[in-house]
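Each residue of the sequence shown is one higher than the one before, starting from 604 at the first, in my numbering.
Report on the following structure.
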Amino acid sequence: MAVAELASISERRVERLVNPSLSEGLPPFLTVEGGLNSGFMIPQYVAAALVSENKSLCHPASVDSIPTSAGQEDHVSMGNASGLKALQVLANSEWALAIELLAGAQAIEFLAPLEPGPGVRATHDAVRELSERLRDDRSLSDDIERVADAIRDGSIIAAAEVEIGALR
């Protein structure tokens, strides 16, 4: 449940970045040519869908226990199902965080000439090594997967740590 909550908070930050009523000067959906390009509208939908799926997956599997072994075991932990659900929550959350990193990198570029701090700059640069700026609509699924892989392998955190010290 804690990991699902992290993804939920991440998605809410993406909403703040793409929503012109909340983003304090950023263009709607982080795109210059709104109407022609949807920018980060669809990735935000994806993040919201992942968070919603996580909510369903966090329902305890043990409440759906049924008798097994010819009635000899009347209560089963459903531990295997719980483990599979936990793995899916983790994957969904990594994708949601990847979407946030991509949206954050895009947002930073609209804030020039303001410069981010060294940790944020290093994170931005690490994301940009994996995904170029979104100028025109294109599929971001491969970009999301590359950034999620970098979250999993620790390279995003490592890039920031070079600049600001240990985060773990």
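All C-beta atoms in this analysis are idealised placements derived from N, C-alpha and C, irrespective of residue type, glycine included.
Item, Value
"Under a three-way DSSP split, which group does E676 fall into?", "strand"
"Quick one: what's G637 bridged to in DSSP?", "N640"
"Pair every Cβ in the stretch 662-676 with every Cβ in the stretch 637-649, then say whether three or more of these pairs are closer than 8 Å.", "no"
"Express the C-alpha separation of E618 and D756 in angstroms, rounding to a whole number.", "26 Å"
"Alpha carbons only, please: which of L687, S685, C661 and S668 is nearest the one belonging to H678?", "S668"
"Which residue wins for smallest C-alpha separation from Q709, given the options F643, Y648 and A605?", "F643"
"Taking E712 as the reference, which of G720, L700, E703 and H727 has the closest Cα?", "H727"
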